[in-house]
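In terms of numbering that gives the first Met the number 0, the sequence shown opens at residue 0 and continues consecutively. Here a beta-carbon is modelled for each residue, glycine too, at the ideal position from N, C-alpha and C.
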Amino acid sequence: MGFPPPVKHELQIFDSLPAANETTFNAGIPGLNTENVAVSIILYSPNLQIVASLDNTNSSVTSTYTTSITQGFTFSTTQSVSITESVGVSIEVVTASVSTTFALSFTEQWSTSTTKTMSFSCPPGKKAFVYQGTLMSQSLKFDSGSNTYTWSGEAAKALTQVLVTSDTPIGIAPSSQVTINR
Numbered sequence: 000m001g002f003p004p005p006v007k008h009e010l011q012i013f014d015s016l017p018a019a020n021e022t023t024f025n026a027g028i029p030g031l032n033t034e035n036v037a038v039s040i041i042l043y044s045p046n047l048q049i050v051a052s053l054d055n056t057n058s059s060v061t062s063t064y065t066t067s068i069t070q071g072f073t074f075s076t077t078q079s080v081s082i083t084e085s086v087g088v089s090i091e092v093v094t095a096s097v098s099t100t101f102a103l104s105f106t107e108q109w110s111t112s113t114t115k116t117m118s119f120s121c122p123p124g125k126k127a128f129v130y131q132g133t134l135m136s137q138s139l140k141f142d143s144g145s146n147t148y149t150w151s152g153e154a155a156k157a158l159t160q161v162l163v164t165s166d167t168p169i170g171i172a173p174s175s176q177v178t179i180n181r
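What follows is the structure in structure tokens.
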């Protein structure tokens with residue numbers, strides 16, 4: 000049967016893991032191919048994860064917080080990702096309290112995670128919440144011998160270089176409060 004013919008397409012980010020089929024395969028990042036198997040990296044479930052929370056409302060000085068931020072694919076086992084083309088995408092994350100759009104370019108450097116040190120500052124009397132954009136990823140294989148599409152390996156989290164800052168927690172109504180009694 001052979002590989003599907005090369006299709007010019009735009010990378011698609013799915014809300015959840017889609018069906019393993021040709022349409023899904025063509026919407027992914029082209030991966031490393033062998034004689035009988037082609038791989039496409041499918042991205043889904045865009046989200047934001049908290050990196051830092053600074054509450055400086057009772058202070059008259061600026062507070063600074065330093066942390067390490069990792070970018071790239073993170074796996075729970077020794078699997079890896081091989082990206083064969085540079086692909087760009089625009090992603091929108093919508094929650095109850097914020098809507099943010101960011102652009103990413105996936106290249107071979109995404110195959111391994113890299114860590115950078117970042118510092119965040121919060122002025123006196125303010126709050127700052129810093130989030131990092133994330134995506135889930137899964138390899139979809141096309142076997143030309145059996146003409147089948149199957150998921151391969153484990154899902155991985157792709158940590159992006161996108162950081163979003165808000166003066167209120169994202170996903171929590173501004174009037175929500177948590178009280179801790181000791």
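Spatial neighbours of Ala154 in its own chain (CB-CB distance under 8 Å, excluding positions within 5 residues in sequence) are listed in chain order as Leu16, Met135, Ser136 and Gln137.
Pairwise C-beta distances place the stretch 119 to 132 out of contact with the stretch 17 to 30, as fewer than three of them are shorter than 8 Å. Judged by their CB atoms, Ser143 and Asn20 are not nearer to each other than the 9 Å cut-off. Pro123 places its beta carbon 9 Å or farther from that of Asn25. For the pair Ser120 and Ala18, the Cα-to-Cα distance works out to about 43 Å. Per the C-alpha coordinates, the member of Thr167, Thr23 and Lys125 positioned closest to Ser59 is Lys125. Cβ atoms of Thr61 and Ser118 stay farther apart than 8 Å, at about 11 Å.
Under DSSP, the beta-bridge partners assigned to Ser120 are Thr63. Annotated three-state conformation of Asn35 is coil, per DSSP. Under DSSP, the beta-bridge partners assigned to Ser52 are Phe128.
Of the candidates Ser67, Lys156, Leu162 and Thr149, Lys156 places its Cα closest to the Cα of Leu42.
Counting along the chain, the unbroken beta strand (DSSP E) around Thr149 starts and ends at Thr147 to Ser165. Between Ala127 and Thr159, the beta carbon gap of about 19 Å keeps them out of contact (Cβ cut-off 8 Å).
Around the CB of Ser145, fewer than 16 other CB atoms lie within 10 Å, so the residue is classed as exposed. Contact annotation, Phe141 with Ala51: C-beta distance approximately 41 Å; criterion of less than 8 Å not satisfied. According to DSSP, residue pairing for Asp142 in a beta bridge involves Val36 and Thr147.
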